[in-house]
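The number in the working numbering is simply the position in the sequence shown, starting from 1, with 767 added.
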Amino acid sequence: MSHNIFELFAQRFAPHHDTPFLSTPGEPSYTYADIDRRSATIAAVLAEDGLRPGDRVVAQIEKSADAVALYWACLRAGLVYVPLNTAYTAEEVGYFIGDAEATAFVFSPGKAAKLQPIGDIAGVERMYTLGTRANGTLAEAAAQVAPRTTVLACEPEDVACMLYTSGTTGRSKGAMLTHANLASNGLALHAIWRFQDGDVLLHPLPIFHVHGLFVALHCAILNASNVIFLSKFDVDDVRGYLPSATVMMGVPTYYSRLLADPDFGADDCATIRMFTSGSAPLAPSVFREFTLRTGHTICERYGMTECGIITSNPPEGQRIAGTVGYPLPKVEVRVCDDDDEPVEADEIGGVQVKGPNVFPGYWQLPDKTTELMTDDGFFRTGDIGSAASDGRLTIVGRNSDMIISGGYNVYPKEVEIQLEEVDGVVETAVVGLPHPDFGEGVAAFVVAKPDVTEADLRDAIADRLAKFKQPKAYIFVDDLPRNAMGKVQKAALRADHSEAFALLDL
Ligand code: MCA
Ligand code: AMP
C-alpha cells in the first residue's frame, strides 16, 4: 500500500472530480479534475527534465491554482516541495535555495530578473517561472505535454515537504514533513472539526506556511470541498465572500481587522459554522468581542511548523478564551520542567509533543534535531504553557525571544545582525511589543552615533530583510539595560515600552 498523501487526496476527491475546487474571484473556477490534470502535466515536465524522487523543488510563487497544482505535482512525483514566503528578499531566497540544495527553483515571472541570477549562483539545475494566470515557463511547458498520471508509491516516512522555520541562533532550518505527518494531521483535523457535505472554505491565508497550505487546504481537499481562494486577506473581500462560505480559518489579525470594521457583524456570518484561529495567541478581548458581534465563538487551535496542529478547542463543548484546547487524537502533549519531568496540572512548564504529526527532523541538522527531542521521543516545542487536569492546554509564552507578528515569526537576532552592520550603530536590541493590528510588532532599540538616522537604518535593511521582519518602530537610546552578567534585559525593554505601538497613530 502506498502512503503517498496524494493517493489519499485522490480517493477523497475522485467521486467529486467535476465539482469546483478552487474559486478565485475574477478567474474561472477550477474543478478537482482540472487541478488533478494540471498537476499531472507539471509532474510530466519535471520528470522529463530529470527530477527524481527526493529532489527539492523550491518555490517562491504567488498564491494561485497553478501553485496548488505544482504542490500536487511534487507530491505525486515524490519530489520535496519547499514553499517560500513571497515577502523574502532575493538575498534571503539565495540562502534557502542553497541550503535546500534545490534541484529546481520556481519563481514568479515578475521576479525573474532578480531571482534567475540567484539561482545561477546557487547552481540550481532547473529554473522555471509560474504566474497566477496559467502563465510562466512551467505553465507553458505543462500545456505542451501529456499528463503523467502515475503517483509514486511512498513509505510513510518519505519526506513530502520542507518548510523553513527560523532558529533562535543562526539561519532558518528546514523542517522536513513526511507523507505520514501530513496525512495524520489532515485526517485528524477533518474529523475533529466535523467537516461535512456542503462545506465551503473561505481561504485568505498565504499558502507557503503550514496554516494555509496544510491545515486549511488539506481539510478542504479531504472533504472535496469548494475553496474560495482569495489572493490575500482583505476585509472587504472577506466580508463579501463570507456569505458564500461555511468555514474560515485565520490568524488573530484577520479577526481583529474584521472587528475594526464597524459594519461587520452577525449578518456577514449567517452561513458560517466555524471560524478557527491560530499561528499566534488570540487575545481574549478579540475572542469575546467576536462572539458579542457575530454570535460565533472562534475555535482557537495551536500548532507549529514541526508538528502541524497539536491541540484544538472542541467543536462542541466549551471554547475558552486564552486556551488552545485538547491534543488531537493520537497526539500526546505534556508540560515539563527543565529535566523533562511532567509538572502538576495547572503548573507552568515547557510544552512537549509526541505523535504521528511530529516531524522526523531538520534538513541536514541531525544534532539540532536530537537536541530538541527528549529521550522518550517528545519534541520540545519551546512554548511555555500549562495543562489543566482534563488536559486543556494554555500557552503563556515562549522560551525564546521569537516575535510573532501577524502570524509570521521574526527572530530578533537576524534583524539585529543587519542593523549592527550599519556604520555608526553601536548595538541594538530587537523585541516584540504589543501591537493593535499584528499582535506583536517588531521594535528596534538602537544605540548609535548621533548622526545615524532612522532613515539610514530603514534604507540599510530594505533589500536585506523581508518587510514583515523590518522594525515598525525605532527607539534610539543611550544604552541598553543589562543584568549583572552583562546580558541585555529584553524583558525590561518590553515592560517599559509596552505602550509604544498603542501610542503611535497607526
Ligand atoms: C505584512 N506586513 C507585515 C506583516 N505582513 N508586517 C508585520 N507583520 C506581518 N505579518 C507588512 C508589509 O510588508 C507592509 O509593510 C505592510 O505590512 C502591508 O503589507 P500587505 O501585503 O498589504 O500585508 P497585510 O495585508 O498588512 O498583511 C498582514 C496579514 C498577513 C494579512 C496579517 O501578514 C497574513 O496573511 N499573515 C498570515 C500569516 C500566516 O499564515 N501564518 C501562519 C504561519 P509597509 O506598510 O511598511 O509597506 S504559522 C503556522 O503555519 C503554524 C503551524 C500555525 O500554528 O498555524
Ligand atoms: P511557526 O514556527 O511559524 O510554525 O510558529 C509556531 C509557533 O506559533 C508556536 O510554537 C507558538 O509559539 C505559536 N502559536 C501557534 N498557534 C498559537 C496559539 N493558538 N496560541 C499561541 N501561540 C501559538
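For every residue, glycine included, the Cβ atom is placed at its ideal position computed from N, Cα and C.
| query | result |
| --- | --- |
| Expressed to the nearest angstrom, what Euclidean distance is found between the alpha-carbon atoms of residue 1013 and residue 808? | 32 Å |
| Does the stretch 1062 to 1070 come into contact with the stretch 1082 to 1090, if we say contact requires no fewer than three beta-carbon pairs (one atom in each stretch) closer than 8 Å? | yes |
| Would you mind sorting residue 859 into buried or exposed? The rule is 16 or more other CB atoms within 10 Å of its CB. | buried |
| So residue 953 is in the alpha helix (DSSP H); what residue range does that whole segment cover? | 946 to 959 |
| Over what stretch of residues does the beta strand (DSSP E) that includes residue 1151 continue unbroken? | 1146 to 1154 |
| Among residues of its own chain, excluding the 5 on either side of residue 1194, which ones have a beta-carbon nearer than 6 Å to its beta-carbon? | 1214 |
| If you draw a straight line from the alpha carbon of residue 855 to that of residue 1164, how long is it in whole angstroms? | 26 Å |
| So does residue 1015 have its beta carbon nearer than 7 Å to some heavy atom of the ligand MCA? | no |
| Quick one: grab the DSSP three-state call for residue 1052. | helix |
| Across the stretch 987 to 1001 and the stretch 955 to 969, are there enough close Cβ pairs to call them in contact, namely three or more that are closer than 8 Å? | yes |
| Helix, strand or coil: how does DSSP classify residue 1265 here? | coil |
| When you compare only the Cα positions, how much space is there between residue 972 and residue 1172? | 15 Å |
| Please report the distance separating the alpha-carbon of residue 1044 from that of residue 1160. | 15 Å |
| Skipping 5 residues on each side, what residues in its chain have a beta carbon closer than 7 Å to that of residue 1247? | 1194, 1196, 1212, 1214 and 1255 |
| Look up residue 1060 in the DSSP assignment and say whether it is helix, strand or coil. | helix |
| So, at 8 Å on beta carbons, what are the nonlocal neighbours of residue 1158 in its own chain, with the 5 sequence-adjacent residues on each side left out? | 1093, 1094 and 1100 |
| Quick check on DSSP: helix, strand or coil for residue 899? | coil |
| Alpha carbon to alpha carbon, what distance is there between residue 938 and residue 1258? | 24 Å |
| When every heavy atom of the ligand MCA is checked, does at least one fall within less than 7 Å of the C-beta of residue 1121? | no |
| Output the distance between the C-alpha atoms of residue 1072 and residue 1167, rounded to the nearest integer angstrom. | 16 Å |
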